[in-house]
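Mapping to UniProt numbering: the sequence shown position 145 is 145, numbers consecutive. Notes to accompany the following structure.
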Amino acid sequence: MKQTIKVLVVDDSALVRQTLTDILASDPEIEVIGSAGDPYAAVKRMETQTPDVITLDIEMPRMDGLTFLRKIMTQHPIPVVICSTLTEAGSETMLRAMEYGAVDVILKPKLGTRQFLEESRIRVVDAVKGAARARLKRLAASGPMKVSPKLSADAMLPGPTGKAMFQTTDKVVAVGASTGGTEALREFLEAMPQDCPGITIVQHMPEQFTAAFAKRLDGICRITVKEAADGDTILRGQALIAPGNRHMLLKRSGARYYVEVKDGPLVRRHRPSVDVLFRSAARYAGKNVVGVIMTGMGDDGAAGMLEMHEVGAYTIAQDEASCVVFGMPQEAIKLGGVDKVMPLGAIAYEVVRACTG
Numbered sequence: 001m002k003q004t005i006k007v008l009v010v011d012d013s014a015l016v017r018q019t020l021t022d023i024l025a026s027d028p029e030i031e032v033i034g035s036a037g038d039p040y041a042a043v044k045r046m047e048t049q050t051p052d053v054i055t056l057d058i059e060m061p062r063m064d065g066l067t068f069l070r071k072i073m074t075q076h077p078i079p080v081v082i083c084s085t086l087t088e089a090g091s092e093t094m095l096r097a098m099e100y101g102a103v104d105v106i107l108k109p110k111l112g113t114r115q116f117l118e119e120s121r122i123r124v125v126d127a128v129k130g131a132a133r134a135r136l137k138r139l140a141a142s143g144p145m146k147v148s149p150k151l152s153a154d155a156m157l158p159g160p161t162g163k164a165m166f167q168t169t170d171k172v173v174a175v176g177a178s179t180g181g182t183e184a185l186r187e188f189l190e191a192m193p194q195d196c197p198g199i200t201i202v203q204h205m206p207e208q209f210t211a212a213f214a215k216r217l218d219g220i221c222r223i224t225v226k227e228a229a230d231g232d233t234i235l236r237g238q239a240l241i242a243p244g245n246r247h248m249l250l251k252r253s254g255a256r257y258y259v260e261v262k263d264g265p266l267v268r269r270h271r272p273s274v275d276v277l278f279r280s281a282a283r284y285a286g287k288n289v290v291g292v293i294m295t296g297m298g299d300d301g302a303a304g305m306l307e308m309h310e311v312g313a314y315t316i317a318q319d320e321a322s323c324v325v326f327g328m329p330q331e332a333i334k335l336g337g338v339d340k341v342m343p344l345g346a347i348a349y350e351v352v353r354a355c356t357g
C-alpha cells in the first residue's frame, strides 16, 4: 500500500482544526495524525509521532506561529504550510513566514458556500502534498467532497493561431511558479538588470498576499515590481505579478503589450493559472516570448509552455536540484515543451541573453 502523508494540524480554533482535518482526511493520500491548539500542545503530540507536514496558524496563545516555525526549522526541520486568514496588515507576516522556511501559505477555509469549500479543499490538499515533497534546508540558528473538474486554458481563451506578430527586438518574459516560488522569484528578479525585458509572472498565491509580495520585491530589486492591474502596459525594467484569485493574460495592441486581469474558473485547479498566462503569451506574442517555468506542485503551465514552444518561443525550466518541488518543470519537460533545463541561479542571465541575442 502507498504510504500516506502524515499531517499535524496546529490552530487555536477548534472549528478550523475540524474543518482542516475533514478536508485533508477526504484525500486517501493524507492521514491527519492529530491536532493541537497551540505550539506547546503540538510539541507534546510530536513526542509520540513525527508528522510529515504541519499546518500552522500564526496567531495563537502561549507562542505565536512564527516563533514556533523558527524553532522547528532550526532544531528539527519539518515541512510547514502556514494556514492563516490573510489581511493587508498581516501579509508582511506571511512573507516573513516564507523567509523563515514555510513551504507554502494558504487561506484558512471560510465556511459559507459549498463552492468555496471545494476550491479551498483543492488548495489545501495540493499545498500539503507539495510540502511533503519539498526539500527543506536547515536554517541558520537565530466525507470526501466533490473535486472541481481540472479545466484547461480552453476555459479562458482559444489556443494559439500561429498568427502572432513576427519576431521583433522587443521581447517579453512569461514566468510561472508555485510551491517554493516566492524565494525562487526573489532570486530571479534580484539578478535582473534595470533595463531587462518586461516580465509577467503567475505565482500561485492567495488573494491579499500578492500586493505585499510585489511590494517586498520592489524594495529589494533593481527593477520595478508591482501587482498587475487590468490594462497595465508591459514595460522594460518592470515585472507584473498576477493578483491572487485573478487570471492574468498577456495581450497585444499594435506593438504594445499589456496585461488583462480578469475573473474566471479555476484552470488546472488554480486561479491565477500559469497555463492561462502561457497560452495568452503563445497566442499574442509568439516568437517574442521567453517562457520560464519554476518550482511547483502539479502540472499547471506544462501545456502552456508546450504551446509557446510550438510557436517558436524560447522556453526554460528550472532543474530538479534547485527546485523545492520538481513538479511543474518536470511535467513541462515530459511534454517536450522545454528548450533548456538549468539551475535557478543561471536563469536570469539566460533570459537576458535570449532577449538581447
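Glycine included, each C-beta is placed from N, C-alpha and C at the ideal position. Only a predicted model underlies this, so the values are computations on that prediction, with no experimental measurement involved.
The C-beta of Arg-222 has fewer than 16 other C-beta atoms within 10 Å across all chains shown, which makes the residue exposed. DSSP lists Lys-262 as the beta-bridge partner residues of His-247.
In this structure Val-32 is in contact with Leu-24, their Cβ atoms being roughly 5 Å apart against a cut-off of 8 Å. Counting only runs that start and end inside the segment 7-48, the beta strand (DSSP E) elements of at least 3 residues fall at 30-36. With respect to the C-alpha of His-247, the residue from Glu-59, Leu-20 and Ser-152 having the closest C-alpha is Ser-152. Around the CB of Ala-132, 16 or more other CB atoms lie within 10 Å, so the residue is classed as buried. One thing to note: Tyr-314 has its Cβ within 9 Å of the Cβ of Asp-339.
Here DSSP, grouped into helix, strand and coil, assigns Lys-171 to coil.
If the five residues before and after Tyr-40 are omitted, its C-beta is found closer than 7 Å to the C-beta atoms of Arg-62 and Met-63, all from its own chain and listed in chain order. Counting every other CB atom within 10 Å of its CB across the protein chains shown gives Glu-47 a total below 16, marking it as exposed. Excluding five sequence positions before and after Val-290, the CB atoms of its chain that fall closer than 8 Å to its own CB belong to Lys-171, Val-172, Val-173, Ala-174, Pro-197, Ala-313, Tyr-314, Thr-315, Ile-316, Val-351, Ala-354 and Cys-355, given in chain order. Within the same chain, Arg-222, Ile-223 and Gly-237 come within 8 Å of Gln-194 by CB-CB distance, once the 5 residues on both sides are set aside. In this structure the segment 301-312 does not touch the segment 183-191; the number of beta carbon pairs closer than 8 Å is below three.
If the five residues before and after Arg-283 are omitted, its C-beta is found closer than 6 Å to the C-beta atoms of Pro-160, all from its own chain and listed in chain order. Met-294 has its alpha-carbon roughly 8 Å from the corresponding atom of Ala-184. If you check the CB distance, Met-328 and Ala-346 do not come in under 9 Å. Here Asp-104 carries a strand assignment [DSSP, helix/strand/coil]. With contacts defined as CB atoms closer than 9 Å, Val-261 and Leu-250 fail to qualify as a contacting pair. The beta carbons of Gly-296 and Gly-219 sit no closer together than 9 Å. Nearest to Arg-252 by C-alpha distance, out of Arg-269, Asn-245 and Gly-231, is Gly-231.
When the alpha-carbon of Tyr-257 is set against those of Leu-235, Leu-266 and Ile-241, the nearest one is in Leu-235. At least 9 Å separates the beta-carbon of Val-103 from that of Leu-20.
Classified as buried, Tyr-100 has 16 or more neighbouring CB atoms from the shown chains inside 10 Å of its CB. Rounded to the nearest whole angstrom, the CA to CA distance from Arg-279 to Ala-42 is 44 Å.
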